[in-house]
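Asker: Quick one: structure below, then a few questions.
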DNA sequence: CTAGTTTTTGATAGTTACTCTCATTTCATG
DNA sequence: CATGAAATGAGAGTAACTATCAAAAACTAG
């Protein structure tokens, strides 16, 4: 997260990339996602439209890039092996979230708000989550020693991902979308319920 | 499912719609999704390109239209109220699947195969599933008498949807995508595991 | 610092999904 | 059959992408 890129080239690329993301976010908020063109974003970031597509394969990707999922997975992997899988996942997520600066929270809040509003983005965000499911399933398999395509492993991974999906935004709970500490507490409770066994009366 | 449309107009529209879907499916299989243009589909179905977009808002929708989700929800609702929620969902799904003709299974198999192959379609299919989650959650709320935004309800809906996501294709389990009786059995087992409580050692 | 190599960029042209508008055709109804 | 409503086709326009190629910027060696 703090690995400073070395060469001038790398620094410039990182800068351009960040500029594109920030201006895109700003313009989307100001004018709406659909009515903001890639050309406008490129112009605001002072690069050519071609360059935009060199940094992001589609207009959607400029806000869909998710920097944290792999970090969370790594944090989960780093938990002591004797810990129960759900507990490991919970702690891993908590560690990462606790490491967020207020700026990151704010950026993430704005991002999630957009995801909640634009259906095409929501769709792709869901897809990302389903890929997270695969990673979580892999971790579960490692920890239990069972094969990754074991039904019990898949079901567990699915259930955990489903709880995350149901409890966190984009746009799921009451009111406007926002990721905050509160949401995280709810997630903790949700996983807790799953662990104890759901009330399936 | 068998409500015959009355007027000539309705019949023609249904025919055009079906023709567009079938030719699209065929062309996608023959040439690939990306390299098939909407114009080609329209031509094959003998309508103008404009007409295509009158029937389907986007190229994606021509294969994404899901006819069965609402049917399943209705079937779940129809289960006796004293039945446990998971059991109701399981029976509802079984009833609907059992009503499928071999032709429907075959069409569904081809559809799922495409969904598994084309990432953009997978993304939207996942989004559909997440909307199914909302419906399932609503049903759970009705049956338990709890409010729909109760955390326990949301967590349960999420877990159920997650299991469905993890166990069914598109493209999740081993081998190529296909929906068959086997997949359904796996789904039954998966839900069963969830109901009994997952092995969360 | 210079010269040569590689990487990144910008400009241009082209394809295709999708939108809007309007005239024409096709069905429904009295 | 006549009149109104709904569906279609045709045309022009926008914007997201793709491919190509030449110019510019950055790394590397001498």
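Residue numbers (UniProt numbering), protein chains in the order written: chain E, 1 to 201; chain F, 1 to 201.
The beta carbon of each residue, even a glycine, is placed where N, CA and C say it ideally should be.
In this text the structure is predicted, and so the values were computed from the model without any measurement.
#1: Answer with buried or exposed for residue 35/E, where buried requires no fewer than 16 other C-beta atoms within 10 angstroms of its C-beta.
#2: With 8 Å set as the bound, which would you pick, yes or no: does the beta-carbon of residue 108/F sit closer than that to a beta-carbon of chain E?
#3: Answer yes if the stretch 107 to 120 of chain F comes into contact with the stretch 82 to 92 of chain F, meaning at least three C-beta pairs across the two stretches below 8 Å, and no otherwise.
#4: How big is the Cα-Cα spacing for residue 14/E and residue 140/F?
#5: How about residue 60/E and residue 124/E: do their beta carbons lie closer than 8 Å?
#6: Residue range of the alpha helix (DSSP H) that residue 15/E falls in?
#7: Check for me: the alpha helix (DSSP H) holding residue 135/E runs from which residue to which?
#8: Could you check which residue in 18/F, 66/F, 43/F and 144/F has the C-alpha nearest to that of residue 115/F?
#9: Leaving aside the five residues before and after residue 44/F along the sequence, list all residues of the same chain whose C-beta is less than 6 Å from its C-beta, in chain order.
#10: Would a C-beta distance cut-off of 8 Å place residue 56/F and residue 62/F closer than the cut-off?
#11: Please classify residue 83/F: does DSSP put it in a helix, a strand, or coil?
#12: If you draw a straight line from the C-alpha of residue 51/F to the C-alpha of residue 42/F, how long is it?
#13: When you compare the stretch 133 to 152 of chain F with the stretch 65 to 83 of chain F, are there three or more beta-carbon pairs, one atom per stretch, that lie closer than 8 Å?
#14: Of all the CB atoms in chain E, is at least one closer than 8 Å to the CB of residue 165/F?
#15: Which residues in the same chain as residue 16/F place their Cβ atom closer than 8 Å to its Cβ, once the five residues preceding and following it in sequence are excluded?
#16: Taking 7 Å as the cut-off, is the beta-carbon of residue 7/F closer than that to any non-hydrogen atom of the ligand HEM?
#17: Can you tell which of 106/E, 85/E and 130/E has the C-alpha that lies nearest to the C-alpha of residue 146/E?
#18: Helix, strand or coil for residue 177/F, going by three-state DSSP, please let me know.
#19: Name, please, each residue of chain E whose Cβ falls closer than 8 Å to the Cβ of residue 133/F.
#20: Pop quiz: residue 193/F and residue 161/F are said to be a contact at Cβ under 8 Å. What is the actual Cβ separation, rounded to whole angstroms?
#21: Quick one, which residues of the stretch 113 to 139 of chain E are near chain F if we go by CB-CB under 9 Å, in chain order?
#22: So the alpha helix (DSSP H) residue 78/F belongs to, where does it begin and stop?
#23: Exposed or buried, which one is residue 8/F when buried takes at least 16 other CB atoms within 10 Å?
#24: Pick helix, strand or coil for residue 70/F, following the three-state DSSP scheme.
#25: Which residues in the same chain have their Cβ closer than 6 Å to the Cβ of residue 64/E, if we skip the five residues on either side of it in sequence?
#26: In this structure, how does DSSP classify residue 100/E when only helix, strand and coil are distinguished?
#27: For the alpha helix (DSSP H) that contains residue 159/E, what are its first and last residues?
#28: Do you know how far the Cα of residue 99/F is from the Cα of residue 18/F?
#29: With distances taken Cα to Cα, identify the nearest neighbour of residue 106/E among 126/E, 25/E, 11/E and 191/E.
#30: Skipping 5 residues on each side, what residues in its chain have a beta carbon closer than 7 Å to that of residue 163/F?
#31: Note down, in chain order, every chain E residue with its Cβ under 9 Å from the Cβ of residue 214/F.
#32: Let's test the definition: count the other Cβ atoms within 10 Å of the Cβ of residue 157/F and tell me whether it reaches 16, buried, or not, exposed.
#33: With a cut-off of 8 Å on the beta carbons, I'd call residue 159/E and residue 148/F a contact; round off their distance for me.
#34: Interface residues of chain E around residue 186/F at Cβ under 8 Å?
Answerer: Taking the definition as stated:
#1: Counting Cβ neighbours within 10 Å, residue 35/E comes out exposed, since fewer than 16 surround it.
#2: At a cut-off of 8 Å between C-beta atoms, residue 108/F does not count as an interface residue with respect to chain E.
#3: Contact between the stretch 82 to 92 of chain F and the stretch 107 to 120 of chain F is absent, with fewer than three C-beta pairs closer than 8 Å.
#4: Using only the alpha carbons, I get a separation of about 47 Å.
#5: Yes. Within cutoff.
#6: Counting along the chain, the alpha helix (DSSP H) containing residue 15/E begins and ends at 8 to 31.
#7: Taken as a continuous stretch (DSSP letters only), the alpha helix (DSSP H) holding residue 135/E covers 119 to 144.
#8: The residue from 18/F, 66/F, 43/F and 144/F with its alpha-carbon nearest to that of residue 115/F is 66/F.
#9: Leaving aside the five residues that flank residue 44/F on each side, the residues in its chain whose CB is nearer than 6 Å to its CB run, in chain order, 23.
#10: Yes; because the gap between Cβ atoms is below 8 Å, this pair is in contact.
#11: Note: residue 83/F maps to coil in three-state DSSP.
#12: Their backbone Cα atoms lie some 8 Å apart in a straight line.
#13: Taking 8 Å as the limit for Cβ pairs, the verdict is that the stretch 65 to 83 of chain F does touch the stretch 133 to 152 of chain F.
#14: So yes, residue 165/F belongs to the interface.
#15: Answer for residue 16/F: 45, 47, 51 and 55, listed in chain order.
#16: Only the bare structure without any ligand can be found here, which leaves the ligand HEM out of the picture.
#17: Nearest C-alpha to residue 146/E: 85/E.
#18: With a pLDDT of only 45 at residue 177/F, under 50, the local geometry of the prediction cannot be trusted, and the value read off the model is given with reservation. Correct three-state label for residue 177/F: coil.
#19: Ordered by position in chain E, the residues that pass the 8 Å Cβ test against residue 133/F are 162, 165 and 166.
#20: Wrong, their Cβ atoms sit about 15 Å apart, outside the cutoff.
#21: For the stretch 113 to 139 of chain E, the set of residues with a beta-carbon nearer than 9 Å to any beta-carbon of chain F comprises 119, 120, 122, 123, 124, 125, 126, 127, 128, 129, 130, 133, 134 and 137, in chain order.
#22: Judged by DSSP secondary structure, residue 78/F falls outside any alpha helix (DSSP H); it is assigned neither H nor E.
#23: It counts as exposed.
#24: Residue 70/F falls in the helix class under three-state DSSP.
#25: Only 124 meet the Cβ criterion.
#26: DSSP places residue 100/E in the coil class of the three-state scheme, outside both helix and strand.
#27: Its alpha helix (DSSP H) spans residues 151 to 167.
#28: It is roughly 21 Å from the alpha-carbon of residue 18/F to the alpha-carbon of residue 99/F.
#29: Its Cα nearest to that of residue 106/E, the residue 25/E stands out among 126/E, 25/E, 11/E and 191/E.
#30: Hits under 7 Å: 190, 191 and 194.
#31: The structure shown has nothing for residue 214/F, since chain F only spans 1 to 201.
#32: Burial call: buried.
#33: Rounded, the Cβ-Cβ distance is 20 Å, inconsistent with contact.
#34: Here the neighbours are 151.
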